[in-house]
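The structure appears below as structure tokens.
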Amino acid sequence: MNLETAHLALKKFFGYDSFRPLQKDIIQQIYDGRDTLVLMPTGCGKSICFQIPAVTLDGVAIVISPLIALMKDQVEGLSANGVPAAFINSSINYDQQRRVEDALMQGHIKLLYVSPEKAVSQGFQPLLKSLKISLFAIDEAHCISSWGHDFRPEYTQLKFLKNQFPNIPLVALTATADKLTRKDIVSQLGMRDPSIFISSFDRPNISLKVSGGQRRFEQIVEFLKQHPGNSGIIYCLGRNSCQILAEKLNAKGFKADYYHAELSNQQRNKVQDDFINDRTPIICATIAFGMGIDKSNVRFVIHYNLPRNLEGYYQEIGRAGRDGLPSEALLFFSYGDVISYRDMFMQSEGSLEQKELKIKKLERMYEFAEAPVCRRRTVLAYFDEAYERDCGNCDICLNPPRRFDGTVAAQKALSAIVRSQERVGMNMLVDVLRGSARREIMEMGLNQIKTYGAGREYTFDDWIFLLSQMLHLGLLEIAYDAHNVLRVTEAGKKVLFEGKTVQLALPQPKEKAKKAAEKQLPEFKPKSKTEQLQDELLNLLIALRRLVAQQKGTPPHQVFSDVTLRQMAEKRPLTDAEMLDVSGVGERKLQLYGDAFMAEIRRFVLEKLEEGQRIIGSSPFQTYSLYKQGRSPQEIADMRGQSLVSIMNHLATMYEKGEMFEINEWISPEALDIITGSLSLFPEPLQLKEIHEHFNGRYSYDEIRWAVAHQQRMQFQESRKTRLD
Ligand code: ADP
Ligand code: ZN
């Protein structure tokens, strides 16, 4: 098998012109029969890496996938592209499984998705042995590792695949990159001398922002106002908070729903469906949501609480912008989150070692949120990826912090901690520094200490900002085992007693911060006429997609992705060939949906032309509209500076596509009859010259062109009828 075939299949089935980086190399390895490990971030096109070998090689590819929803979506997606695929898991009954097995035995299926439980079950082994298998693909392969964050014990039994089928290539794929997991995958699956591909984990289209956790709700409302109508997920820590947040957002006029593990299966499916089908744009959810959802146009992911670790964070924000269009990740963080996680981890099952690991990872997460360093650099460094510049697309890059000599501020805070005999937590410390008259402060006599009210020059939020940096720098620590009171560390004592200096990032004055935030918004630029037309058409196409999806009972993204619709609105394809040129339109989708979308585009273009608008890039239409205004072909040729032949060709094209007008002035009914009657003699594609010669020049090229157009028009209408049946 060669890459030429792979390339043709990519175009034919998926409608894409070229492979993305690494895809080609990975496919080559599989063709060479090598075991392969693929580490690629979400949305970068892992599936194509095994789907193309699966459709081009003999036999059936067995794909192990942990999530029923994901399997279903992938199988639907493949079927929509004309690739025969099926799944076997606990969601189907005995009869359905029998039907799949029959189809398999007859060699009708190119990809079989199986849950790990099914794959390792005794009952499945005879079937597996009787099939001609092209390859094994282990999706979400990190589930095999107890170091990973989605450990699935059944995965560890998958070693039998390599034992029993040593010569069939196995490809393991994951979006989780850490080294331990990587090693585990290779050894636990018994992969033999695998080729390893690690793609860049950068997702440059996702802009990364981190914000302090104060007034989160107001911040979210502000954010949503700036992104009207966009789809997005807001991750919350607790089940209650999902529901409360969704209710509050609804009260503010946003359409939001919530999702968590305690809802019934049916409720969860509904929420998920409404999200995928663009009926509910905003979902407030626990992190269970989003796994296995293949929705390419998620425009933002907000973390209402700090994620537990950077792997989780990166995987969750990776659900945004799979279509490559600009998207946003917004993270809120506060100490409260760290403290609740710590308690949760300490009370959880597992060895002390595991708990400590969890806490370490949490600390890294926290450091990420707090460090005034380019976010992308920090997170990619965590995944061992060298990224030696500032990204320009994160909050730090867009608004770099200024530093100042924070020694005095730090001393005030440290002194207040010591003088309060290390009895206060973060909030109380700030209240002391700002001289608050809170009852507890009075009761504890903290209004008597020397530093009471010594920090009034900073607001409450500023103090939190400064203290968090001090914590990060190791000047103070939180006694998690003693009601989270603050303690001064050895390093802190050096600042307090020995005058060691400290550089801190400057808190920004409110007004300035607001201005800076505004600066981050894209500048408002009025749209050009062309862009306006494009938007208008795009909206029509989106509406059509929704209608078509409803009729077919599939999610809209299974019809066409946003990227595909955008390209359609831009290129305005009017012929099959032009349609196939649009990324994401393969042969099957052309056949299923091409006419409906071309008809919509045609209608739109004609309407605009009739309104007298100039619309570029559709020559036949321009000619046609002038013709309908009563100009003769010769006049049009003169006006447009084109040859008469081209103009006639434009008109013939419009006629082919079903526009109604009289052609008798160019060809008599008799000539039309005779020429069309003979066309079946000639090979496709029809050559005018051959036909001309066949009739010894009795008919002109124009006449032949019209006869051909007439024939094509008939065929076009015929094919349309059958397609609609
Ligand atoms: P992953 O499994 O890595 O999360 P997917 O396989 O779902 O990613 O691919 C993400 C998106 O990119 C899908 O919409 C997919 O169709 C698209 N895609 C994949 N490969 C290509 C390609 N070579 N050209 C254009 N689009 C592609
Ligand atoms: Zn950056």
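Counting the sequence shown from 1 gives a position; this note's numbering is that position plus 11.
The beta-carbon is built from N, C-alpha and C at its ideal position, and this holds for glycine as well.
Review point. Out of curiosity, what's the CA-to-CA distance linking V719 and I120?
Key: 40 Å
Review point. Thinking C-beta only, is V570 closer than 9 Å to A560?
Key: yes
Check your understanding: Is the beta carbon of K57 within less than 8 Å of some heavy atom of the ligand ADP?
Key -> yes
Point to revise | N220, enclosing beta strand (DSSP E) - first and last residue | key: The sequence given here places Lys at residue 220; Asn does not occur at that position. Where K220 is concerned, the enclosing beta strand (DSSP E) stretches over I217 to G223.
Review point. Can you pull the DSSP bridge partners for C405?
Key: L219
Exercise for review: Measure how close the beta-carbons of G652 and Q728 come, nearest whole angstrom, since I'm counting them as under 8 Å.
Suggested key: Rounded, the Cβ-Cβ distance is 34 Å, inconsistent with contact.
Review point. Per DSSP, D348 forms a beta bridge with which residues?
Key: Looking at the DSSP assignment, D348 forms no beta bridge with any residue, so it has no partner.
Review point. Would the beta-carbon of G249 be found less than 8 Å away from any heavy atom of the ligand ZN?
Key: no
Practice item. Pull up the CB-CB distance for R386 and I370, whole angstroms please, since I reckon it's below 8 Å. Key: So it is not a contact: roughly 22 Å between Cβ atoms.
Check your understanding: In chain order, which beta strand (DSSP E) runs of at least 3 residues are fully inside the segment 77-109?
Key -> 96-99
**Study point:** Option nearest L558 by Cα separation, candidates G595, R577, E611 and Q545
**Key:** E611
Practice item. Starting from Y635, follow its DSSP beta bridges and name the residues at the other end. Key: Y635 is not bridged to any residue.
Point to revise | Extent of the continuous beta strand (DSSP E) run through R498 | key: V496 to V499
Practice item. Assess, as a yes-or-no matter, whether the segment 224-241 is touched by the segment 194-204 under the definition of 3 or more beta carbon pairs within less than 8 Å. Key: no
Review point. When you compare each of I313, I207, T16 and V111 to R45 by their alpha carbons, which one comes out closest?
Key: I207
Check your understanding: Any heavy atom of the ligand ZN closer than 8 Å to the Cβ of I217?
Key -> no
Point to revise | Whole-Å CB distance - V125 paired with I99, under 8 Å assumed | key: 5 Å
Check your understanding: How would you call Q62, buried or exposed, if buried means at least 16 neighbouring beta carbons within 10 angstroms?
Key -> buried
**Study point:** DSSP bridge partner residues for G243 (one or two, in chain order)
**Key:** I293 and F311
Review point. Which residue spans inside the segment 15-69 form an unbroken alpha helix (DSSP H) run of at least 4?
Key: 34-42 and 57-67
Check your understanding: Mind checking whether the beta-carbon of D289 lies closer than 8 Å to any heavy atom of the ligand ZN?
Key -> no
**Study point:** Every unbroken alpha helix (DSSP H) within the segment 162-202, with a cutoff of 4 residues, ordered by chain
**Key:** 170-175 and 190-199
Point to revise | Integer-rounded CB distance, given that G595 should sit under 8 Å from Y27 | key: 7 Å
Review point. Going by alpha carbons, who is nearest to S657 out of D150, L169 and R716?
Key: R716
Review point. Taking the DSSP output, what are the residues bridged to E673?
Key: E673 pairs with nothing; no bridge assigned.
**Study point:** Inter-residue Cα distance where the pair is N13 and L19
**Key:** 10 Å
Exercise for review: Compute the Euclidean distance between the alpha carbons of L391 and G464, then round it to the nearest angstrom.
Suggested key: 42 Å
Practice item. Identify which residue in W474, E433 and F30 has its Cα closest to the Cα of M455. Key: E433
**Study point:** Whole-angstrom distance between A91 and L48, CA atom to CA atom
**Key:** 28 Å
Review point. Using CA coordinates, which residue listed in N458, T470 and G436 is at the minimum distance from A490?
Key: G436
**Study point:** Rounded Cβ spacing between A663 and L655 (contact assumed at less than 8 Å)
**Key:** Rounded, the Cβ-Cβ distance is 12 Å, inconsistent with contact.
Point to revise | Continuous alpha helix (DSSP H) assignments of at least 4 residues falling wholly in the segment 368-447 | key: 386-393, 406-409, 418-430 and 437-444
Practice item. Check whether the Cβ of I407 sits closer than 8 Å to any heavy atom of the ligand ZN, and report yes or no. Key: yes
Check your understanding: Taking the alpha helix (DSSP H) that T514 falls in, what are its first and last residues?
Key -> According to the sequence shown, residue 514 is Gln rather than Thr. That residue, Q514, is in no alpha helix (DSSP H); its beta strand (DSSP E) goes Q514 to A516.
Exercise for review: Check whether the Cβ of R386 lies closer than 8 Å to any heavy atom of the ligand ZN, and answer yes or no.
Suggested key: yes
Exercise for review: State the start and end residues of the unbroken alpha helix (DSSP H) segment that holds I553.
Suggested key: K540 to K563
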